[in-house]
Every structure is written in C-alpha cells, then in structure tokens.
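Scroll down for the structure; my scribbles are underneath it.
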Amino acid sequence: MQPVQDEMSIFSLIVNASIPVQVIMLILLAISVVSWTYIIT
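Written out as structure tokens, the structure reads:
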C-alpha cells in the first residue's frame, strides 16, 4: 500500500473549493473581522 500523497491542508481545501463556497468563506471572514474590531474597540 502506498501512502496518500494528497494533503488535506486548510489552504488546499480553500483553493480547491467551488466558487460559491469560496464566496461564503470570504463573507464569513469579513463578518468575523468586523465583529472582532467591534469587540476590541
């Protein structure tokens, strides 16, 4: 048996995701940044 060569890294999952999934992840990231700025200030 050969070891699996494909890594399941976060970066590879994001890059290989479909466009709608990438858009949703960007929206969630933006909301997270806005909420943390609101919490800190």
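The opening position of the sequence shown corresponds to residue 7 in our numbering, with each subsequent residue numbered one higher.
Ideal placement from N, C-alpha and C gives every residue a C-beta, glycine not left out.
For Met14, there is no enclosing alpha helix (DSSP H), as DSSP gives it neither H nor E.
In this structure, the beta-carbon distance from Ile20 to Met31 falls below 8 Å.
Residue state for Ala23 is assigned as coil, using DSSP reduced to three classes.
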